[in-house]
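Take a look at the structure set out below.
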């Protein structure tokens with residue numbers, strides 16, 4: 001039977017910020033074909049309440065069902081310990097999906113063997129509202145039904161793409177994984193400057209958020225690329241042009257600053273992976 005068919009048991013190990021964001025969305029999406037088992041030593045109030053409502057099984061003392069899918073969402077330094085403790089609960093056919101940053105396939109194969117089906121995923125925090133971006137990279141012992149299931153599961157959280165090379169996940173980490181923080185910082189600065197110029201805190205916040213939201217939707221729905229959309233907003237001699245002359249300065253404008261930031265995140269991701 002294909003992994004896309006029939007009822008499945010999914011074990012989620014580790015429910016921090018990302019783990020809970022994903023789990024909340026999956027439960028809200030009412031994925032009736034999946035039973036959720038959760039292992040988390042310090043469960044949040046939401047997690048406890050979800051368990052009481054029967055939406056998931058929290059920290060079961062016994063595993064009476066075979067585990068079809070195991071999602072690892074623990075801190076990188078805890079991974080080896082978690083795999084050792086839970087290895088007997090997994091079969092060689094259990095699909096392992098890791099959202100653990102900086103842990104390469106070889107580190108999983110060393111613990112679980114080369115034939116274990118393993119997929120790595122780099123999601124971002126907007127998965128909590130089903131507007132996330134998840135990048136998927138597939139291990140060497142993963143068949144198509146497993147890949148299809150992973151894409152469907154993470155696609156339900158927003159959008160999902162399949163990467164061709166594991167090394168690309170470091171680029172994804174720097175762009176979409178950390179990307180929401182860049183946007184939040186932009187909103188933060190835009191709001192603060194609006195206040196400094198005389199707007200109320202509420203108005204500055206609303207203007208900043210809606211501007212980013214609207215521009216994002218426009219970029220997503222338009223057939224025009226970002227460059228053309230920018231040009232359409234920019235009138236010769238106008239206010240937008242005055243601002244862009246500063247922002248697009250080749251030496252001190254946005255591009256060199258953003259590039260420096262992306263490279264810093266990219267190199268940190270590589271460093272974590274190599275360590």
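In this note's numbering, the protein residues as written are 1 to 275. Every residue, glycine too, gets a C-beta built ideally from N, C-alpha and C.
What number of angstroms, rounded off, separates the C-alpha of residue i from the C-alpha of residue j?
i, j, result
"residue 1", "residue 102", "In this predicted model, residue 1 has a pLDDT of only 47, less than 50, meaning its place in the structure is not dependable; the value taken from the coordinates is given anyway. Each residue's Cα considered, the two are about 33 angstroms apart."
"residue 261", "residue 153", "31 angstroms"
"residue 146", "residue 271", "29 angstroms"
"residue 178", "residue 134", "12 angstroms"
"residue 151", "residue 109", "22 angstroms"
"residue 42", "residue 253", "44 angstroms"
"residue 105", "residue 207", "44 angstroms"
"residue 158", "residue 176", "13 angstroms"
"residue 196", "residue 183", "20 angstroms"
"residue 203", "residue 190", "11 angstroms"
"residue 246", "residue 255", "11 angstroms"
"residue 65", "residue 57", "12 angstroms"
Taking residue i and residue j to be in contact with their CB atoms under 8 angstroms, please state how far apart those CB atoms are, rounded to whole angstroms.
i, j, result
"residue 98", "residue 21", "With 8 angstroms as the limit, residue 98 and residue 21 do not qualify as a contact, their Cβ atoms being about 16 angstroms apart."
"residue 90", "residue 111", "With 8 angstroms as the limit, residue 90 and residue 111 do not qualify as a contact, their Cβ atoms being about 10 angstroms apart."
"residue 72", "residue 39", "Their Cβ separation, rounded to whole angstroms, is 10 angstroms, which puts residue 72 and residue 39 out of contact at 8 angstroms."
"residue 124", "residue 180", "5 angstroms"
"residue 27", "residue 47", "Their Cβ separation, rounded to whole angstroms, is 10 angstroms, which puts residue 27 and residue 47 out of contact at 8 angstroms."
"residue 174", "residue 36", "Incorrect: roughly 31 angstroms between the Cβ atoms, too far for contact."
"residue 95", "residue 117", "5 angstroms"
I need the DSSP call for residue i, collapsed to helix, strand or coil.
i, result
"residue 1", "Confidence at residue 1 is low in this model, with a pLDDT of 47, below 50, so the placement of that residue should be treated as unreliable; the coordinate-derived value is given next. Three-state result, residue 1: coil."
"residue 28", "helix"
"residue 164", "coil"
"residue 178", "coil"
"residue 36", "strand"
"residue 6", "coil"
"residue 16", "coil"
"residue 172", "helix"
"residue 142", "coil"
"residue 11", "strand"
"residue 155", "helix"
If you compare alpha carbons, which of the options is closest to residue i?
i, options, result
"residue 67", "8, 108 and 49", "8"
"residue 167", "190, 185, 136 and 159", "136"
"residue 62", "180, 233, 81 and 88", "88"
"residue 156", "130, 140, 148 and 175", "130"
"residue 17", "161, 100 and 36", "100"
"residue 78", "107, 52, 65 and 51", "107"
"residue 273", "235, 44 and 170", "170"
- Which runs of the alpha helix (DSSP H) spanning at least 4 residues fall entirely within the region 212-262, listed in chain order? 226-233 and 239-247
- Enumerated in chain order, which unbroken segments of the beta strand (DSSP E) with a length of 3 residues or greater are wholly contained in the region 84-136? 95-98 and 118-122
- Query: What residue ranges within the region 54-84 form continuous beta strand (DSSP E) runs of no fewer than 3 residues, ordered along the chain?
  - Reply: 69-72
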